[in-house]
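This report refers to the structure that appears directly beneath it.
Residue numbers (the numbering used here): 15 to 89.
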């Protein structure tokens, strides 16, 4: 049977896991949304500039995911 201290630790780990899952899902959702944005829909710009903007956002999200997982693995 778990002691009250062990139960608190388990609850803290469970809460942290839930927070991490939510953050990961948010980043993956942003990544999927941005993969669909390829054309100059909202602003007048040529297709190559629009693609470059989307590629930049995807690169930023990829880096955020790497940083997120790197620091989570070190903890």
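Yeah, the Cβ is synthetic: ideal placement off N, Cα and C, and Gly gets one too. All figures in this text were calculated on a predicted structure; none of them were measured in a lab.
Item	Value
Residue 34 to residue 17 span [Cα, whole Å]	26 Å
Chain-order list of residues whose beta-carbon lies under 7 Å from that of residue 49 (same chain, five-residue window excluded)	72
Residue 75 beta carbon less than 7 Å from that of residue 46	no
Within 7 Å, strictly: CB atoms of residue 78 and residue 27	no
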